[in-house]
Amino acid sequence: MTALNEARGATSAPRARGGTTDGPRPTRGRPRWRSKAAWMFMAPSLVILGVFVLWPIVQSFWYSLHTWTIGAATQPFIGLGNYIALTKDAQFWGALLHTVEITAISVVVLVALGFFLALALSSESVISRVIRSAFFFPYVASLTAVGLVWRFLLDPNIGMVDGLLHQLGLPSPAWLESTSLALPTIIFVSIWKNVGFVMIILVAGLKGVPEDQYEAARLDGASRSQLVRYVSLPALRPTMLFVTVILTIQSLQLFDLVYVMTDGGPEFKTDTLVTLLFRDGFVNFQTGYASAISWVLFLLIVIVSALQLKFFRYNDVD
598 MTALNEARGA
608 TSAPRARGGT
618 TDGPRPTRGR
628 PRWRSKAAWM
638 FMAPSLVILG
648 VFVLWPIVQS
658 FWYSLHTWTI
668 GAATQPFIGL
678 GNYIALTKDA
688 QFWGALLHTV
698 EITAISVVVL
708 VALGFFLALA
718 LSSESVISRV
728 IRSAFFFPYV
738 ASLTAVGLVW
748 RFLLDPNIGM
758 VDGLLHQLGL
768 PSPAWLESTS
778 LALPTIIFVS
788 IWKNVGFVMI
798 ILVAGLKGVP
808 EDQYEAARLD
818 GASRSQLVRY
828 VSLPALRPTM
838 LFVTVILTIQ
848 SLQLFDLVYV
858 MTDGGPEFKT
868 DTLVTLLFRD
878 GFVNFQTGYA
888 SAISWVLFLL
898 IVIVSALQLK
908 FFRYNDVD
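If you're matching positions, the sequence shown starts at 598 in the numbering used here and goes up one per residue.
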């Protein structure tokens, strides 16, 4: 695809300003009063950031090194005792497994489904706009509201889904009471809610692809599938990186939907790290143990995000 390569080279070449290429800008010393004024303007934000973000982070790590129980007379220092206890906690390993399952399945399905929907609905026709709005509408609602609606719909006694199955003469499974169906049901609802967001972001990415790249590929005789393979997908790599990282972080922190629909049940089969953290910290008042779970979750998010950034590293040579 020689024409396509030439088109990419033309769009990626550095642009000249005023007919000449930009060289290194001369550095100039900044007046000291400007620096002081900048720090004065940033001071309120830095204070708020320190009080409400940095200090709680340091404090939670300090709690995780203690047997910190709300209301207890003493809070003994135990070092890494809470982290060692986590390695022997079956509920923690179960919650970690469910968190990884929800994240892996929902992110893969969302990116793939969102990409195909973006390809199908990227035109500016009225029908495409209406369908895009319909897909995006669930994303506007809060996870709590979505969880309550789906819990009502899947209720075995008064739910519309089970009522429809009865009308068709089909058995109605206990969607949220079954140990084998509860977790897939939550994953389905999470995908249903977020697929519109993924589609909209990828549609915006597709509209940012220069049209001359498509024209050059067509001149080379590329088919529709080859346009997607050699033009759309490479151009969407930064957008997909953004969507994947955002969805991964959201899925690893999933709480509202699980709490409202199953509260971690049945038999802890839908428990996630955040629901376990909430139960230990705010129901059992074991703040130290819950803080250790939060730090494990934080490290998991950092590691997974770093791996995704490395995997999707953008290379202009491609």
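Every residue, glycine too, gets a C-beta built ideally from N, C-alpha and C. Note that the structure is a prediction, hence the values are computed from the model and not measured.
For residue i, three-class secondary structure by DSSP
i	result
Thr618	Any reading at Thr618 must be qualified, since the residue scores a pLDDT of 47, below 50, and its modelled position is unreliable; the value itself is stated next. DSSP places Thr618 in coil when its eight states are reduced to three.
Thr664	coil
Gly760	helix
Phe882	coil
Ala610	Confidence at Ala610 is low in this model, with a pLDDT of 46, below 50, so the placement of that residue is unreliable and no value is reported for it.
Leu906	helix
Phe674	strand
Lys633	helix
Leu765	coil
Val743	helix
Gly647	helix
Thr684	helix
Ala814	helix
Phe852	coil
Ser891	helix
Asn754	coil
Ala640	helix
Ala669	coil
Contacts around residue i, its chain only, beta-carbon distance under 7 Å, and the 5 residues preceding and following it disregarded
i	result
Pro863	Glu774, Thr776 and Ala779
Leu896	none
Phe674	Leu662 and His663
Ile898	Ile846 and Leu849
Phe732	Leu714, Val792, Gly793 and Met796
Val704	Thr841, Leu844, Thr845 and Ser848
From the options, residue whose alpha carbon lies closest to that of residue i
i	options	result
Val746	Pro768, Trp789, Val704 and Pro770	Trp789
Ile681	Ile667, Ala832, Thr696 and Ser661	Ser661
Val825	Leu750, Leu716 and Phe875	Leu716
Thr547	Gln764, Trp665, Phe713 and Gly691	For the chain, the structure presents residues 598 to 915; residue 547 sits outside this window and is missing.
Val930	Lys633, Gly647 and Val842	Residue numbering for the chain in the displayed model covers 598 to 915; residue 930 lies beyond these limits and cannot be assessed.
Phe908	Phe839, Val880 and Trp892	Phe839
Phe785	Phe658, Ala701, Leu694 and Glu812	Ala701
Tyr868	Ala634, Gln688 and Gly744	The sequence given here places Asp at residue 868; Tyr does not occur at that position. Asp868 has its Cα closest to that of Gln688, out of Ala634, Gln688 and Gly744.
Gly678	Val893, Ala709, Trp892 and Tyr886	Tyr886
Leu873	Val795, Leu694 and Arg834	Leu694
Trp892	Met637, Met639 and Ser657	Ser657
Met837	Pro781, Leu710 and Ile783	Leu710
Phe712	Val880, Ile797 and Asp877	Ile797
Ile890	Val828, Val650, Trp690 and Trp636	Trp690
Leu830	Val704, Leu646, Ile654 and Val708	Val708
Thr696	Val871, Arg726, Gly756 and Phe794	Val871
Own chain partners of residue i with C-beta closer than 6 Å, once the 5 adjacent residues on each side are dropped
i	result
Leu740	Asp853 and Leu854
Val706	Ile788
Arg729	Leu718
Ala832	Val806
Gln905	Thr841 and Val842
Ala903	none
Ser888	Ser657, Tyr660 and Ser661
Gln672	His663 and Trp665
Gly744	Leu854, Val857 and Met858
Nonlocal neighbours in the same chain, by C-beta distance under 8 Å from residue i, ignoring five residues either side
i	result
Gly668	Phe882
Arg748	Leu773, Val857 and Met858
Gln823	Ala814
Limits of the unbroken alpha helix (DSSP H) element including residue i
i	result
Ser916	The structure shown does not extend to residue 916, since the chain is modelled only from 598 to 915, so the question has no answer here.
Ala771	First-last for Ala771: undefined, no H or E at that position.
Ile699	Ala687 to Ala717
Val792	Ala779 to Lys804
Thr872	Leu870 to Phe875
Ser822	Arg821 to Leu824
Residue i: CB within 7 Å of a non-hydrogen atom of the ligand NAP
i	result
Ser820	Among the components modelled here there is no ligand, and therefore nothing to report on the ligand NAP.
Quiz item: Would you say the region 797–804 touches the region 757–775, given that touching needs at least three Cβ pairs under 8 Å?
Solution: no
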